[in-house]
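Mapping to my numbering: the sequence shown position 34 is 14, numbers consecutive.
Contents: one structure, followed by commentary.
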Amino acid sequence: MGASSTQVPKAPSADSRSVRIIAKSVYRELRNSGHSRSDIVAFTNAVLELVTSELRDAQEAAE
-19 MGASSTQVPK APSADSRSVR IIAKSVYREL RNSGHSRSDI VAFTNAVLEL VTSELRDAQE
41 AAE
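In structure tokens, the structure reads:
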């Protein structure tokens, strides 16, 4: 019925841990480079927009 045909597989715990480590490293690097929390939020928003756009494009291509 309302189920989405696009499913995102769950990452194994090792992959999940790796992603968290990378995120923490990027955050630390941005802070150590002098970026403000506001800059980091803007960066995060830009990454989310890229992911959203890619997912939208993939969904449209599948239709």
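Just so you know, even glycine gets a beta-carbon here, dropped at the ideal spot from N, CA and C.
- As the crow flies, the alpha-carbon of Leu10 is around 28 Å from that of Arg36.
- One Cα belongs to Thr32, the other to Asn25, and the distance between them is close to 10 Å.
- In this structure, the CA atom of Val21 is about 22 Å from the CA atom of Arg(-3).
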